[in-house]
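This report refers to the structure that appears directly beneath it.
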Amino acid sequence: MSAADAVKQLEQQLEQLKKKVAEEEREARRQAEEAERKRQQEEAARKREEERAQAKKWKAPESGSSSDSGEEVEQEPGLLIPR
0 MSAADAVKQL EQQLEQLKKK VAEEEREARR QAEEAERKRQ QEEAARKREE ERAQAKKWKA
60 PESGSSSDSG EEVEQEPGLL IPR
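Heads up, the sequence shown is in numbering that gives the first Met the number 0, so the first residue is 0 and it goes up one at a time.
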């Protein structure tokens, strides 16, 4: 094999490695984005659960007042307020 052939072969290998690295970087970014979406979904679910727990506390009658119907209205998305 001549030196020119060896250089050409090494250049081809370099290009293949560059493509492989680029593909692996794309996959790593995709996985990072997926992990971030999952984290955000879990955080949103945790907040909704906290809001539900708080709404249950508000709904529970603390006094014997008959003016509190126990009915809830949604004031903000996901936040229930006793009426």
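Just so it is clear, CB atoms sit at the ideal spot from N, CA and C, and this is done for glycine as well.
If I measure Cβ to Cβ from residue i and keep anything under 7 Å in the same chain, skipping five residues before and after, which residues do I get?
{"i": "VAL20", "result": "none"}
Using a Cβ-Cβ cut-off of 6 Å (strictly less than) and excluding sequence neighbours within five positions of residue i, which residues of its own chain qualify?
{"i": "ARG29", "result": "none"}
{"i": "SER65", "result": "For SER65, the predicted model reports a pLDDT of 49, less than 50, meaning its position is unreliable; a value from the coordinates is still stated below. So no residue of the chain qualifies."}
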